[in-house]
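Just below is one structure, and these are the notes that go with it.
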Amino acid sequence: MKVAVVGATGLVGSKMLEVLEERNFPVTELLPVASSRSWGKKVKFQGREWTVISADEAIAQKPALAIFSAGGTVSGELAPRFAAIGCYVVDNSSCWRMEPKVPLVVPEINADVLTPSDYIIANPNCSTIQMVLPLAPLHKAYGIKRIVVSTYQSVTGAGQKGIEQLEAERAGGSGTKFPHPIDMNILPHIDSFLPDGYTKEEMKMVNETRKILRDPSIAVSATTVRVPVRGGHSESVNLEFHRPFDLDEARKLMADMPGVVIQDDPANNVYPMPINAWDKDEVFVGRIRRDPSVENGMNLWCVSDNIRKGAATNAVQIAQYLLAKGFITA
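In C-alpha coordinates:
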(Lines of atoms letter the chains of each structure in order from A and count residues from 1; the text may use other names and numbers.)
(Lines give C-alpha, C1' and ligand atoms only; values in the text may rest on other atoms or scores of the structure.)
Protein backbone atom coordinates (compact mmCIF):
# COMPACT_ATOMS: atom_id res chain seq x y z
CA MET A 1 0.00 0.00 0.00
CA LYS A 2 1.22 3.49 -0.84
CA VAL A 3 1.12 5.63 2.30
CA ALA A 4 1.92 9.34 2.51
CA VAL A 5 3.00 10.90 5.79
CA VAL A 6 2.60 14.67 5.55
CA GLY A 7 4.91 16.40 8.00
CA ALA A 8 7.18 13.36 8.07
CA THR A 9 10.23 15.22 9.38
CA GLY A 10 8.50 16.79 12.39
CA LEU A 11 8.28 15.53 15.96
CA VAL A 12 4.89 13.82 15.52
CA GLY A 13 5.48 12.83 11.90
CA SER A 14 8.66 10.99 12.88
CA LYS A 15 6.74 9.18 15.59
CA MET A 16 4.03 8.24 13.08
CA LEU A 17 6.67 6.50 10.98
CA GLU A 18 7.90 4.67 14.06
CA VAL A 19 4.40 3.52 15.05
CA LEU A 20 3.54 2.43 11.49
CA GLU A 21 6.63 0.24 11.55
CA GLU A 22 6.03 -1.09 15.08
CA ARG A 23 2.50 -2.13 14.17
CA ASN A 24 3.55 -3.75 10.90
CA PHE A 25 1.20 -1.60 8.87
CA PRO A 26 1.39 -2.90 5.28
CA VAL A 27 3.32 -0.03 3.70
CA THR A 28 4.79 -1.09 0.38
CA GLU A 29 5.80 2.42 -0.64
CA LEU A 30 6.29 5.36 1.71
CA LEU A 31 5.74 8.90 0.45
CA PRO A 32 7.27 11.20 3.09
CA VAL A 33 6.03 14.75 2.55
CA ALA A 34 7.32 17.94 4.12
CA SER A 35 7.82 21.62 3.34
CA SER A 36 10.28 22.76 0.67
CA ARG A 37 12.99 23.13 3.32
CA SER A 38 13.11 19.34 3.64
CA TRP A 39 12.73 18.23 0.01
CA GLY A 40 15.47 15.77 -0.89
CA LYS A 41 16.24 14.85 2.70
CA LYS A 42 16.03 11.23 3.79
CA VAL A 43 13.89 9.56 6.45
CA LYS A 44 14.42 6.01 7.69
CA PHE A 45 11.57 3.50 7.57
CA GLN A 46 11.51 -0.29 7.37
CA GLY A 47 15.29 -0.50 7.25
CA ARG A 48 15.79 1.79 4.28
CA GLU A 49 15.91 5.46 3.42
CA TRP A 50 13.08 7.29 1.67
CA THR A 51 13.38 10.68 0.00
CA VAL A 52 11.21 13.53 1.24
CA ILE A 53 9.04 14.89 -1.56
CA SER A 54 6.47 17.62 -2.15
CA ALA A 55 2.73 17.20 -1.66
CA ASP A 56 2.21 17.57 -5.42
CA GLU A 57 4.55 14.64 -6.07
CA ALA A 58 2.79 12.52 -3.47
CA ILE A 59 -0.68 13.28 -4.85
CA ALA A 60 0.49 12.38 -8.34
CA GLN A 61 1.42 8.91 -7.05
CA LYS A 62 -2.13 8.37 -5.69
CA PRO A 63 -1.55 6.91 -2.23
CA ALA A 64 -4.35 4.95 -0.57
CA LEU A 65 -3.73 6.64 2.79
CA ALA A 66 -2.25 9.91 3.98
CA ILE A 67 -1.53 10.67 7.62
CA PHE A 68 -1.10 14.36 8.33
CA SER A 69 0.82 16.14 11.06
CA ALA A 70 1.63 19.43 9.38
CA GLY A 71 -0.59 22.05 11.03
CA GLY A 72 -4.07 23.36 10.35
CA THR A 73 -3.23 25.64 7.42
CA VAL A 74 -1.49 22.87 5.50
CA SER A 75 -4.27 20.40 6.31
CA GLY A 76 -6.95 22.83 5.19
CA GLU A 77 -5.25 23.18 1.84
CA LEU A 78 -3.96 19.67 1.18
CA ALA A 79 -6.39 17.25 2.82
CA PRO A 80 -9.17 17.92 0.26
CA ARG A 81 -6.68 17.45 -2.57
CA PHE A 82 -5.63 14.03 -1.27
CA ALA A 83 -9.27 13.09 -0.61
CA ALA A 84 -10.23 14.10 -4.15
CA ILE A 85 -8.06 11.29 -5.58
CA GLY A 86 -9.73 8.70 -3.33
CA CYS A 87 -7.06 8.81 -0.62
CA TYR A 88 -8.17 8.49 3.00
CA VAL A 89 -6.73 11.29 5.13
CA VAL A 90 -6.18 11.01 8.89
CA ASP A 91 -5.42 14.54 10.06
CA ASN A 92 -3.76 15.40 13.35
CA SER A 93 -4.40 19.15 13.24
CA SER A 94 -7.37 21.05 14.64
CA CYS A 95 -8.50 22.06 11.14
CA TRP A 96 -11.27 19.51 10.61
CA ARG A 97 -12.17 18.37 14.12
CA MET A 98 -15.34 20.36 14.58
CA GLU A 99 -16.58 20.13 11.00
CA PRO A 100 -20.00 18.46 11.38
CA LYS A 101 -19.46 16.00 8.53
CA VAL A 102 -15.90 15.03 9.53
CA PRO A 103 -15.60 12.16 12.04
CA LEU A 104 -13.51 12.89 15.15
CA VAL A 105 -12.27 9.49 16.23
CA VAL A 106 -10.72 7.70 19.17
CA PRO A 107 -10.94 4.14 17.79
CA GLU A 108 -11.62 2.42 21.14
CA ILE A 109 -14.62 4.72 21.64
CA ASN A 110 -16.30 5.70 18.38
CA ALA A 111 -14.69 4.11 15.33
CA ASP A 112 -18.18 2.90 14.45
CA VAL A 113 -18.99 6.39 13.13
CA LEU A 114 -16.64 5.84 10.18
CA THR A 115 -18.11 5.04 6.76
CA PRO A 116 -16.44 4.32 3.40
CA SER A 117 -17.27 7.86 2.27
CA ASP A 118 -15.33 9.54 5.11
CA TYR A 119 -12.19 10.49 3.21
CA ILE A 120 -11.10 13.06 5.80
CA ILE A 121 -10.94 11.84 9.41
CA ALA A 122 -9.86 14.02 12.32
CA ASN A 123 -7.50 12.94 15.08
CA PRO A 124 -8.52 14.65 18.36
CA ASN A 125 -6.39 16.92 20.52
CA CYS A 126 -3.87 15.00 22.62
CA SER A 127 -5.36 16.11 25.94
CA THR A 128 -8.86 15.21 24.83
CA ILE A 129 -7.86 11.72 23.73
CA GLN A 130 -6.31 10.74 27.05
CA MET A 131 -9.25 12.12 29.03
CA VAL A 132 -12.13 10.60 27.06
CA LEU A 133 -10.62 7.12 26.90
CA PRO A 134 -11.23 6.29 30.60
CA LEU A 135 -14.33 8.50 30.72
CA ALA A 136 -16.21 6.77 27.88
CA PRO A 137 -17.27 3.67 29.88
CA LEU A 138 -18.17 5.85 32.87
CA HIS A 139 -20.38 8.04 30.71
CA LYS A 140 -22.12 4.98 29.30
CA ALA A 141 -22.77 3.60 32.78
CA TYR A 142 -23.58 6.70 34.82
CA GLY A 143 -24.02 9.62 32.43
CA ILE A 144 -21.49 12.44 32.84
CA LYS A 145 -23.14 15.69 33.82
CA ARG A 146 -20.05 17.86 34.27
CA ILE A 147 -16.27 17.67 33.84
CA VAL A 148 -13.75 20.03 35.41
CA VAL A 149 -10.26 19.30 34.11
CA SER A 150 -6.86 20.86 34.68
CA THR A 151 -4.02 19.70 32.47
CA TYR A 152 -0.29 19.58 33.10
CA GLN A 153 1.11 19.41 29.58
CA SER A 154 4.70 18.66 28.65
CA VAL A 155 6.81 20.81 26.34
CA THR A 156 6.63 18.17 23.60
CA GLY A 157 3.08 19.36 23.04
CA ALA A 158 4.65 22.53 21.65
CA GLY A 159 6.83 20.61 19.21
CA GLN A 160 10.57 20.52 18.78
CA LYS A 161 10.93 24.22 19.62
CA GLY A 162 9.30 23.61 23.00
CA ILE A 163 11.87 20.94 23.80
CA GLU A 164 14.68 23.18 22.60
CA GLN A 165 13.61 26.05 24.84
CA LEU A 166 13.44 23.84 27.93
CA GLU A 167 16.83 22.30 27.20
CA ALA A 168 18.39 25.69 26.39
CA GLU A 169 17.13 27.19 29.66
CA ARG A 170 18.45 24.26 31.66
CA ALA A 171 21.82 24.89 30.04
CA GLY A 172 21.71 28.58 30.98
CA GLY A 173 20.33 29.89 27.69
CA SER A 174 16.90 30.90 26.48
CA GLY A 175 14.30 30.19 23.80
CA THR A 176 11.44 31.86 22.01
CA LYS A 177 8.68 29.25 21.81
CA PHE A 178 6.96 30.30 25.04
CA PRO A 179 6.24 33.89 26.17
CA HIS A 180 8.00 33.26 29.49
CA PRO A 181 10.69 30.89 30.79
CA ILE A 182 9.44 27.32 31.09
CA ASP A 183 12.21 25.73 33.17
CA MET A 184 11.43 26.06 36.89
CA ASN A 185 8.11 27.62 35.88
CA ILE A 186 4.49 26.80 35.02
CA LEU A 187 2.51 28.61 32.34
CA PRO A 188 -1.31 28.64 32.53
CA HIS A 189 -1.35 29.34 28.82
CA ILE A 190 -1.55 26.88 25.91
CA ASP A 191 -2.54 28.21 22.47
CA SER A 192 -3.99 31.70 22.04
CA PHE A 193 -6.48 33.42 24.33
CA LEU A 194 -10.07 33.98 23.26
CA PRO A 195 -12.22 37.01 24.16
CA ASP A 196 -13.87 35.14 27.05
CA GLY A 197 -10.50 34.47 28.73
CA TYR A 198 -10.27 30.79 27.79
CA THR A 199 -7.63 29.51 25.39
CA LYS A 200 -8.21 27.65 22.15
CA GLU A 201 -6.66 24.56 23.76
CA GLU A 202 -9.22 24.68 26.56
CA MET A 203 -12.12 25.03 24.15
CA LYS A 204 -10.80 22.11 22.10
CA MET A 205 -11.25 19.92 25.17
CA VAL A 206 -14.78 21.25 25.69
CA ASN A 207 -16.03 20.80 22.15
CA GLU A 208 -14.14 17.65 21.20
CA THR A 209 -15.23 15.78 24.33
CA ARG A 210 -18.87 16.40 23.51
CA LYS A 211 -18.42 15.30 19.90
CA ILE A 212 -16.49 12.09 20.70
CA LEU A 213 -18.83 11.04 23.51
CA ARG A 214 -21.81 12.02 21.33
CA ASP A 215 -23.43 14.11 24.03
CA PRO A 216 -23.61 17.91 23.58
CA SER A 217 -25.19 18.26 27.03
CA ILE A 218 -21.96 17.46 28.92
CA ALA A 219 -20.71 20.56 30.74
CA VAL A 220 -16.93 20.89 30.48
CA SER A 221 -14.62 23.43 32.10
CA ALA A 222 -10.92 23.19 31.26
CA THR A 223 -7.71 24.90 32.35
CA THR A 224 -4.68 23.90 30.31
CA VAL A 225 -1.19 24.41 31.74
CA ARG A 226 2.32 23.96 30.36
CA VAL A 227 4.82 22.37 32.76
CA PRO A 228 8.62 21.82 32.49
CA VAL A 229 8.31 18.10 31.69
CA ARG A 230 9.88 16.77 28.52
CA GLY A 231 7.24 14.19 27.65
CA GLY A 232 3.79 13.03 28.77
CA HIS A 233 0.68 14.99 29.67
CA SER A 234 -1.08 14.71 33.04
CA GLU A 235 -4.64 15.66 33.93
CA SER A 236 -6.65 16.16 37.10
CA VAL A 237 -10.26 15.31 36.26
CA ASN A 238 -13.30 16.00 38.42
CA LEU A 239 -16.54 14.34 37.33
CA GLU A 240 -20.17 14.76 38.29
CA PHE A 241 -22.53 12.01 37.12
CA HIS A 242 -26.28 12.00 36.59
CA ARG A 243 -26.60 8.64 38.34
CA PRO A 244 -25.08 7.11 41.49
CA PHE A 245 -21.98 4.97 41.03
CA ASP A 246 -20.09 2.29 42.89
CA LEU A 247 -16.40 3.16 43.11
CA ASP A 248 -15.17 -0.42 42.66
CA GLU A 249 -17.45 -0.89 39.68
CA ALA A 250 -16.24 2.39 38.15
CA ARG A 251 -12.65 1.31 38.60
CA LYS A 252 -13.38 -2.01 36.87
CA LEU A 253 -15.17 -0.27 33.99
CA MET A 254 -12.07 1.82 33.34
CA ALA A 255 -9.72 -1.16 33.77
CA ASP A 256 -11.72 -3.12 31.18
CA MET A 257 -11.52 -0.29 28.64
CA PRO A 258 -8.98 -1.13 25.92
CA GLY A 259 -5.98 1.16 26.16
CA VAL A 260 -6.49 2.06 29.84
CA VAL A 261 -4.21 0.87 32.64
CA ILE A 262 -5.13 1.43 36.30
CA GLN A 263 -2.26 2.44 38.58
CA ASP A 264 -4.02 3.18 41.84
CA ASP A 265 -2.34 2.06 45.04
CA PRO A 266 -1.55 5.31 46.87
CA ALA A 267 -0.64 3.48 50.10
CA ASN A 268 2.39 2.17 48.21
CA ASN A 269 2.98 5.38 46.26
CA VAL A 270 1.59 3.89 43.07
CA TYR A 271 -0.06 6.41 40.77
CA PRO A 272 0.46 7.53 37.17
CA MET A 273 3.43 9.75 36.39
CA PRO A 274 4.63 11.05 33.02
CA ILE A 275 8.12 9.63 33.56
CA ASN A 276 6.59 6.13 33.47
CA ALA A 277 4.14 6.81 30.63
CA TRP A 278 6.81 8.01 28.20
CA ASP A 279 6.97 5.94 24.98
CA LYS A 280 3.90 3.87 25.89
CA ASP A 281 0.55 3.77 24.12
CA GLU A 282 -1.75 3.40 27.11
CA VAL A 283 -3.57 5.96 29.24
CA PHE A 284 -2.70 5.43 32.89
CA VAL A 285 -5.33 6.24 35.52
CA GLY A 286 -5.04 6.56 39.29
CA ARG A 287 -5.99 8.61 42.36
CA ILE A 288 -9.54 7.36 41.77
CA ARG A 289 -11.74 8.57 44.61
CA ARG A 290 -15.18 9.82 45.43
CA ASP A 291 -15.71 13.60 45.58
CA PRO A 292 -17.73 14.18 48.76
CA SER A 293 -18.39 17.83 47.93
CA VAL A 294 -20.96 17.03 45.24
CA GLU A 295 -23.55 14.31 44.69
CA ASN A 296 -22.31 11.56 42.38
CA GLY A 297 -18.85 13.12 42.17
CA MET A 298 -15.50 11.48 41.38
CA ASN A 299 -11.88 12.56 41.02
CA LEU A 300 -9.19 10.85 38.99
CA TRP A 301 -5.72 11.52 37.61
CA CYS A 302 -4.65 10.35 34.15
CA VAL A 303 -1.34 10.41 32.30
CA SER A 304 -0.37 9.53 28.74
CA ASP A 305 2.41 10.01 26.21
CA ASN A 306 1.02 12.89 24.17
CA ILE A 307 3.15 12.15 21.11
CA ARG A 308 2.07 8.51 20.96
CA LYS A 309 -1.55 7.91 22.03
CA GLY A 310 -2.17 11.64 21.97
CA ALA A 311 -1.17 11.87 18.31
CA ALA A 312 0.76 9.26 16.31
CA THR A 313 -0.63 6.04 17.77
CA ASN A 314 -4.24 7.18 17.64
CA ALA A 315 -3.80 8.16 13.98
CA VAL A 316 -2.27 4.80 13.09
CA GLN A 317 -5.04 2.99 14.99
CA ILE A 318 -7.56 4.81 12.80
CA ALA A 319 -5.64 3.63 9.74
CA GLN A 320 -5.66 0.07 11.09
CA TYR A 321 -9.45 0.29 11.48
CA LEU A 322 -9.82 1.46 7.87
CA LEU A 323 -7.73 -1.54 6.82
CA ALA A 324 -9.66 -4.00 8.98
CA LYS A 325 -12.97 -2.78 7.55
CA GLY A 326 -11.74 -2.98 3.98
CA PHE A 327 -11.95 0.75 3.31
CA ILE A 328 -8.32 0.51 2.25
CA THR A 329 -6.55 -2.66 1.14
CA ALA A 330 -3.01 -3.90 1.51
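In this note's numbering, the protein residues as written are 134 to 463. Every residue gets a Cβ at the ideal spot worked out from N, C-alpha and C, and that includes glycine.
Here the stretch 220 to 239 makes contact with the stretch 190 to 209; the two share three or more CB pairs at distances below 8 Å.
Residues Glu-373 of the same chain have their beta carbon placed closer than 6 Å to that of Val-427, with the five preceding and five following residues left out of the count. Around the C-beta of Val-138, 16 or more other C-beta atoms lie within 10 Å, and the residue is accordingly described as buried. Taken in chain order, the unbroken stretches of alpha helix (DSSP H) that lie wholly in the stretch 376 to 403 and span 4 residues or more are 380 to 388. A straight-line Cα-Cα distance of about 30 Å links Val-288 and Arg-181.
Phe-460 sits in coil when the DSSP states are folded into three classes, being neither helix nor strand. Taken atom to atom, the span from the alpha-carbon of Ala-167 to that of Ser-354 is near 36 Å. In the three-state reduction of the DSSP assignment, Thr-184 falls in the strand class. A straight line joining the alpha-carbon of Val-207 with that of Pro-425 spans about 47 Å. When the beta-carbon positions are compared, Lys-174 and Thr-142 come within less than 9 Å of each other. Under the DSSP assignment, Ser-260 falls in the alpha helix (DSSP H) whose first and last residues are 259 to 275. Taking a contact as a CB-CB distance under 8 Å, the pair Leu-237 and Pro-257 counts as one, their CB atoms being some 6 Å apart. For Lys-135, the secondary structure class from DSSP, reduced to helix, strand or coil, is strand. Looking at the DSSP output, Leu-144 sits in no beta bridge, so it has no partner there. A residue is called buried when at least 16 other Cβ atoms come within 10 angstroms of its Cβ; Ala-400 does not meet this threshold and is exposed. Listed in chain order, the alpha helix (DSSP H) elements of length 4 or more contained wholly in the stretch 395 to 448 are 407 to 410.
Of the residues Val-418, Tyr-404, Phe-460, the one whose Cα lies closest to the Cα of Lys-385 is Val-418. In the three-state reduction of the DSSP assignment, Lys-278 falls in the strand class. Phe-311 has its alpha-carbon roughly 9 Å from the corresponding atom of Ala-291. Inter-residue distance for Tyr-404 and Pro-267 is about 15 Å (C-alpha atoms, whole angstroms). Counting only the Cα atoms, Gly-219 lies some 34 Å from Val-393.
Straight through space, the alpha carbons of Arg-343 and Arg-279 are spaced by roughly 11 Å. Secondary-structure assignment with DSSP links Phe-326 through a beta bridge to Thr-332.
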